[in-house]
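Some notes on the structure that comes next.
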Amino acid sequence: MDIVGGQHLRQMWDDLAGIYEDKTALIFESCAGEVQHFSYASLNREINRTANLFLFLRHT
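Below is the structure:
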């Protein structure tokens with residue numbers, strides 16, 4: 000996926016995680032009303048874990 004400026008989405012997230020590390024990127028509220036806050040750094044880690052899982056599953 001090519002993004003404006005020639006960056007790919009992965010690079011954009013890595014850059015954002017480096018710049019905004021502990022700032023809130025996402026607030027999730029479950030149906031039960033439980034609220035979770037994800038920082039840019041923690042969300043980036045989860046994105047990378049998920050992407051690596053997909054790559055692993057693709058090659059099995």
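Note that numbering that gives the first Met the number 0 has the sequence shown beginning at 0, numbered continuously upward.
Ideal Cβ positions, reconstructed from N, Cα and C, are used throughout, including at glycine.
Assigned exposure category for residue i - 16 Cβ within 10 Å defines buried
i     : result
Asn43 : buried
Ala16 : buried
Residue interval of the alpha helix (DSSP H) (run including residue i)
i     : result
Ile49 : Sequence check: residue 49 is Thr here, not Ile. Start and end: 39-57.
Ala31 : Neither: Ala31 is in no alpha helix (DSSP H) and is coded neither H nor E.
First through last residue of the beta strand (DSSP E) which encompasses residue i
i     : result
Ala24 : 23-28
Test item: CB-CB of residue i and residue j under 7 Å
i     : j     : result
Thr60 : His36 : Because the chain spans 0 through 59 in this model, residue 60 falls outside it and cannot be assessed.
Asp13 : Ser38 : no
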